[in-house]
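Accompanying notes for the structure given below.
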Amino acid sequence: MPLSAAIDAILDAIEALNATESISLHEAHKRVLAIDIISTINVPPADNSAMDGYALRSQDLATTDSLELIGTALAGTPFTGNVAAGQCVRIMTGGVIPQGADCVVMQENTQANDKLVRFMQQYEAGNNVRKAGEDIAAGQLIIKKGTLLGPAHLALLASIGQASVTVTCQLTVGLIATGDELTTPGQSLKTGAIYESNSYALAAMLENLKLKVINYGIVADELNTLRNVFTRADNECDLVISCGGVSVGEADFVKDILAEAGHINFWKVAIKPGKPFAFGRLAKTWFCGLPGNPVSSFVTFELLVKPLIRKLSGQNDADKQQPYFVAKAASLIRKRPGRADFQRGYFYRDDNDELWVKAQGNQSSGVMSSLTNANCYLLLAQEQGDINQTQDIKILPFSNLFTD
16 MPLSAAIDAI LDAIEALNAT ESISLHEAHK RVLAIDIIST INVPPADNSA
66 MDGYALRSQD LATTDSLELI GTALAGTPFT GNVAAGQCVR IMTGGVIPQG
116 ADCVVMQENT QANDKLVRFM QQYEAGNNVR KAGEDIAAGQ LIIKKGTLLG
166 PAHLALLASI GQASVTVTCQ LTVGLIATGD ELTTPGQSLK TGAIYESNSY
216 ALAAMLENLK LKVINYGIVA DELNTLRNVF TRADNECDLV ISCGGVSVGE
266 ADFVKDILAE AGHINFWKVA IKPGKPFAFG RLAKTWFCGL PGNPVSSFVT
316 FELLVKPLIR KLSGQNDADK QQPYFVAKAA SLIRKRPGRA DFQRGYFYRD
366 DNDELWVKAQ GNQSSGVMSS LTNANCYLLL AQEQGDINQT QDIKILPFSN
416 LFTD
């Protein structure tokens, strides 16, 4: 199945979970908003000064360059009098514009003493005044349901006086690593065994998405043992992710359990690395079977599991595309048509500020250093062939993938 078709199939199958909770703004970073936010106030609540200076009637400067200083307006401490003809008020940034004044002259364009202020140039009504409701108007929709809340959203919510917010409940994701060859780091390694590493990366990426993670550890390739663990995970999680066991080996039982307990929506995607990816449903929860090779696990999680998580958690941009850049190939890049290829590469700028990229030498799906020594993916379309030196190529920087 082509990658785009696989993503569409996942998003078409998934419905967002409905459970919500109210939490404080301090807890709301990277949580998904469950209701539209409508402001009940204007921000700012009153006309205020955009800078330090003097508030006055702009028409007065048409007949004189000097005005009487009658008081001071501080941020949080307004001037309570009225500015009449021939008068001005010292005002600080954020101070409420006094009644009668219609503009603010910055202090750098004035000469002042205790009683009189001389103005060096003309000003018009509205100059350096931030109007009430200029940022947000009462009754305005400011954040849509389904938004993943970031730092700026939290500041916006605080600015309208909200101390808490209604969000969708955190998803619980179960991780299962399968394989007789897997050994927990810290233990001695037997002949033919390897250390299990995928769950560490996946758990970190899931926790970065503010999801609850249940790690079921390493499960041997034994049908009944696997069945028991999957049954438990099915009862405890919203999504179950396994690593390994979805290929075509005799001991790859995950597909069998999935077919027995639920159904397989599709298996195998035309991408490299990551072809043996399974998507389906257990009795109660959704399931993704990732390949056992570590690079394949990374790639399929980013490309296929993250859109699923966005849809399941109620985000309104589940099908969003990551922004890419265009660079020039620093050398020949080999590519065989048939599968979309996400090769690991390193991009840089030359002395002429031109963007270049070179592919990592070993692109094997089992070579984790191809990720740690790279800073981007090369985006090679399914039917694309070799990329010649200096030819343009799309790249996806890792900073877009693993820090959002």
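Under the numbering used here, the first residue of the sequence shown carries the number 16, and numbering increases by one thereafter.
Where a beta carbon is used, it is the ideal one built from N, C-alpha and C, also for glycine.
Same chain only: Cβ atoms within 6 Å of Ala266, ignoring 5 sequence neighbours per side: Low local confidence applies: a pLDDT of 47 at Ala266 is under 50, so the model's placement there is unreliable, with the coordinate-based value given in what follows. So the list reads Asp236, once near-sequence residues are dropped.
Contact check, Ala192 vs Glu211, beta carbons under 7 Å: yes
Three-way DSSP call (helix, strand, coil) for Val382 in this model: In the three-state scheme derived from DSSP, where H, G and I count as helix and E and B as strand, Val382 is classed as coil.
Residue environment, Thr405, which counts as buried when at least 16 other CB atoms sit within 10 Å: exposed
Backbone secondary structure at Phe245 - three-state DSSP: If DSSP states are grouped into helix, strand and coil, Phe245 belongs with the helices.
Inter-residue spacing [alpha-carbon to alpha-carbon] between Thr95 and Ala88: 8 Å
CA nearest to the CA of Gln330, picked from Leu26, Leu238, Pro93 and Leu163: Among Leu26, Leu238, Pro93 and Leu163, the Cα nearest to that of Gln330 is on Leu163.
Through-space distance from Val228 to Thr418, alpha-carbon basis: In this prediction, Thr418 scores a pLDDT of 43, lower than 50, which makes its location untrustworthy; no coordinate-derived value is stated.
CB-CB length for Ile52 against Leu172, believed under 8 Å: 7 Å
Val144 versus Leu323, Gly86 and Pro59, residue with shortest Cα-Cα distance: Pro59
Three-state secondary structure assigned by DSSP to Tyr392: strand
Backbone CA spacing between Lys343 and Gly360 [nearest angstrom]: 12 Å
Boundaries (first-last residue) of the beta strand (DSSP E) holding Glu222: Run containing Glu222: none in the beta strand (DSSP E); it sits in the alpha helix (DSSP H), Asn213 to Asn223.
Whether Ala396 touches Gln375 by CB criterion (7 Å): No, the Cβ-Cβ distance between Ala396 and Gln375 is not below 7 Å.
Check whether Ser475 and Thr181 have beta carbons under 7 Å apart: Summary: the structure shown does not reach residue 475, with the chain confined to residues 16 through 419, and so no result is reported for it.
Beta-carbon contacts of Pro93 that lie in its chain and below 6 Å, excluding the five residues immediately before and after: Val111
C-alpha distance - Val244 paired with Ile402, whole-angstrom precision: Answer to the nearest angstrom: the Cα atoms are 45 Å apart.
Inter-stretch contact (C-beta, 8 Å, three-pair minimum) for the stretch 362-371 and the stretch 323-339: no
Rounded distance between the beta-carbons of Pro17 and Ala285, thought under 8 Å: Rounded, the Cβ-Cβ distance is 5 Å, consistent with contact.
Counterpart residues of Met121 in DSSP-defined beta bridges: Gly68
Coarse secondary structure for Glu265, derived from DSSP in three states: Residue placement at Glu265 cannot be trusted, given a pLDDT of 45 that sits under 50; the coordinates are not used to answer.
Integer-rounded CB distance, given that Leu224 should sit under 8 Å from Leu32: Between Leu224 and Leu32 the Cβ distance is about 15 Å, and since that is not below 8 Å, they are no contact.
Nonlocal neighbours in the same chain, by C-beta distance under 8 Å from Asp67, ignoring five residues either side: Counting only Cβ-Cβ distances below 8 Å, and skipping sequence neighbours, we find Ile106, Met107, Thr108, Met121 and Gln122.
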